[in-house]
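Numbering (UniProt numbering), first residue to last: 1 to 721.
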């Protein structure tokens, strides 16, 4: 049995020539065919054939037993804040329908209980969240878990802990061929140069396209067709009878001629079967079109369907291709590819009036015709459409060349996602985790949908809407390219042929449908808007810790009431998340040297700044006296909508004055200007509510005990009744 061994190793530097020789000798001694290394620390492109500074992913495509596989050698960043974005960027490399192998130094673990010993065991694995999604979505399994189970052998050791940071993940297609997966032990002098150990994986197979001899083989299906056998026999006898004397040169010429005869007969057999399939399918449709079927017609229909399936199997049987030859799309016969579901043209009239039946001549005639039409300045019979179009567009405003080039450039989904998550804060880090920002506004998020997820949902909804449209002409083609992954269309298996490999678009749509069935089972894909579906997916994907944080925000927001002035909405959102820039919070992150507040020289927390500070207490006393609300510490006992509005405006005004004192670097304790600002905010908000909702609806919500109305307008200033 042929074996193929590859290994991954974080070598911690590969510039030293002696270290290179020792590592390569170690790999050769252990029979390693390909060694993937990380952290090479090359500083110049002179030592390697391809050099890119700071690049962390290396792709290698190779053939194993004639099957093309893609290897991804990754070196994940050690900084935890960058880990999830790094693994999320791996998705484009896994989009092709190939068996994938991901290996390298991941700098994180999926299960800290199983893969860590020492400090950090049972710790959080939040920074491996995107890696877990990638492994789940692309059906990748660890080679070590597949062969060894929960046996712990570390690949990286330190003085305090040991872990399995170096791993290998394979697609389900390659799992049956895994023979062994083991951690190798290098010599002492080599082991001291790195804190990682090599991880070797052995597969049963032979690297390479297939076999070295690239021969041509006869399609055995031709020998099972009596008509093809008879035609081939006649043509072979004719070639031998008319040939000259047998010499090595004539023998080679005969072999070339026989190969052409057999290939031509194979194509002719396929055309005959296709014609019989179309005729049988036409008869089936005619029989099914009847309102009622007699017993005889039912038996005839069963016979036709059996004949159709038999012919379809004969038509779908692919002849064996040449050994050791990689698939090349340029070698495909476009006429055969386009013949499914179309009408084949068998005769074309030449310019002299005669008929042409040769397929190559027919193709040449059509090519010359369309080339002449394309080169012609004016279409046949056209009334000068080009000139009319130019006259209409002459006075239109046109984009510059730079703007056109900018529009034509492609923008990756990762860049769109980053822009959506950072434009509200001018490129600075978001105040809360980005996953929480994708939640609905009622749960503490901002409804910023993930660009990649919502684009996949839109593609899925579009495909389903087109397939359900009875007048859409491409329904059959959609069903063909969906292949066997058509469950996302809610379509039955057709009687016609299917694509051997589904199109990447429909494959992505099928994967999206499976994800929605698992993570958003209560959402109807066709009825629910894409933004709501994306929010449901985000709600399902957040961790338990984030879900608890969202519940706390929702509980705090329910106490603030529904009415908030426009100026205070962002303030209320940050207050409930606890991310307002207080001195204590800024000191915790090392932004300011001291947590003391300039207004009172005490450590500033959020509760202290809003309610306990000596600069805030006089404001609360004045507000409680003017608006008849309960001041701190009984602030939570204010249940009315107007009282909650007053509290929110007071909080905002106090914190705004606090920010003014911070900017001026001096004490600001004037209470009456703050009270005037509170009155102004309340009056503006209530005036907007009165104008937008009308007097009747306005008075149902806001009782006249708190203000006076004259001639349909609020009295200025607001006073207690």
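Quick reminder that beta carbons are idealized off the backbone N, C-alpha and C, glycines included. Since this is a predicted model, take the numbers as computed values, not measurements.
Residue i and residue j closer than 7 angstroms at C-beta
i: residue 195; j: residue 156; result: yes
i: residue 534; j: residue 449; result: yes
i: residue 38; j: residue 75; result: yes
i: residue 228; j: residue 269; result: yes
i: residue 459; j: residue 509; result: yes
i: residue 667; j: residue 576; result: no
i: residue 128; j: residue 108; result: yes
i: residue 371; j: residue 413; result: no
i: residue 301; j: residue 277; result: no
i: residue 632; j: residue 611; result: yes
i: residue 447; j: residue 550; result: no
i: residue 5; j: residue 200; result: yes
i: residue 678; j: residue 659; result: no
i: residue 233; j: residue 261; result: no
i: residue 505; j: residue 489; result: no
i: residue 165; j: residue 82; result: no
i: residue 69; j: residue 97; result: no
i: residue 606; j: residue 580; result: yes
i: residue 190; j: residue 22; result: yes
i: residue 652; j: residue 597; result: no
i: residue 102; j: residue 72; result: yes
i: residue 714; j: residue 687; result: yes
i: residue 231; j: residue 265; result: yes
Counterpart residues of residue i in DSSP-defined beta bridges
i: residue 83; result: According to DSSP, residue 83 bridges with nothing at all.
i: residue 182; result: 200
i: residue 63; result: 68
i: residue 709; result: 714
i: residue 116; result: 163
i: residue 38; result: 10
i: residue 109; result: DSSP lists no partner for residue 109.
i: residue 308; result: None, per the DSSP bridge assignment.
i: residue 603; result: 596
Residue i - DSSP class collapsed to helix/strand/coil
i: residue 533; result: helix
i: residue 356; result: strand
i: residue 102; result: strand
i: residue 15; result: coil
i: residue 4; result: strand
i: residue 75; result: strand
i: residue 156; result: strand
i: residue 666; result: coil
i: residue 288; result: helix
i: residue 142; result: strand
i: residue 207; result: strand
i: residue 20; result: helix
i: residue 147; result: helix
i: residue 596; result: strand
i: residue 348; result: strand
i: residue 672; result: helix
i: residue 522; result: coil
i: residue 170; result: strand
i: residue 57; result: strand
i: residue 246; result: coil
i: residue 471; result: coil
i: residue 226; result: helix
i: residue 560; result: helix
i: residue 503; result: coil
i: residue 32; result: coil
i: residue 638; result: coil
For residue j and residue i, the rounded distance between their alpha carbons
i: residue 639; j: residue 630; result: 10 angstroms
i: residue 528; j: residue 153; result: 48 angstroms
i: residue 303; j: residue 222; result: 25 angstroms
i: residue 475; j: residue 465; result: 11 angstroms
i: residue 588; j: residue 603; result: 12 angstroms
i: residue 10; j: residue 35; result: 11 angstroms
i: residue 497; j: residue 472; result: 20 angstroms
i: residue 515; j: residue 110; result: 20 angstroms
Closer than 6 angstroms: residue i CB and nearest the ligand ZN heavy atom
i: residue 640; result: Because no ligand of any kind appears in the structure shown, any question about the ligand ZN cannot be addressed here.
Chain E contact for residue i (CB, 7 angstroms cutoff)
i: residue 714; result: This model lacks chain E altogether, as it is built from one protein chain only.
Under 8 angstroms: do the stretch 167-182 and the stretch 140-152 share three or more Cβ pairs, one atom per stretch? yes
Segment contact, 8 angstroms Cβ cut-off, at least three pairs: the stretch 195-209 with the stretch 57-67: yes
Could you check whether the stretch 556-572 touches the stretch 671-691, counting it as contact only if at least three pairs of C-beta atoms, one from each stretch, sit closer than 8 angstroms? yes
Contact between the stretch 176-186 and the stretch 215-224 is defined here as three or more beta-carbon pairs at a separation below 8 angstroms; is this criterion met? no
Report yes or no: do three or more beta-carbon pairs, one from the stretch 539-550 and one from the stretch 433-444, lie closer than 8 angstroms? yes
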